[in-house]
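Below is one structure, written out as structure tokens; the observations come after it.
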Amino acid sequence: AVINEVFDFCETVGLPTTLAEIGLDKATDEQLMKVAAASCMEG
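Mapping of the sequence shown onto the UniProt record's numbering: residues 1 to 43, in sequence order.
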């Protein structure tokens, strides 16, 4: 699947593949849902 290719590429070039790797390992589900909703808004 394409997602596996993207994941493998990210690991190969050193890009983060987890929330913990970008400092979001302590984020709550509520906080993540707010970010997800905001990222899908128009404008």
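Each residue gets a CB set at the ideal place from its N, CA and C atoms; glycine is no exception.
C-beta contact flag for Leu15 and Ala27 at 9 Å: Your numbering for residue 15 matches position 15 in the sequence shown. Your numbering for residue 27 matches position 27 in the sequence shown. Taking 9 Å as the Cβ cut-off, Leu15 and Ala27 do not qualify as a contacting pair.
I need the straight-line Cα distance from Cys10 to Ile3, nearest angstrom please. Your numbering for residue 10 matches position 10 in the sequence shown. Your numbering for residue 3 matches position 3 in the sequence shown. C-alpha separation (whole angstroms): 10 Å.
Identify whether Lys26 lies in helix, strand or coil by the three-state DSSP scheme. Taking the sequence shown and counting its residues from 1, one reaches residue 26 at position 26. Look at Lys26 here: in three-state DSSP terms it is coil, with no helix or strand label.
Phe7 versus Ile22: straight-line alpha-carbon distance, rounded: For the purposes of this step, residue 7 is taken as the residue at position 7 of the sequence shown. For the purposes of this step, residue 22 is taken as the residue at position 22 of the sequence shown. Ile22 has its alpha-carbon roughly 15 Å from the corresponding atom of Phe7.
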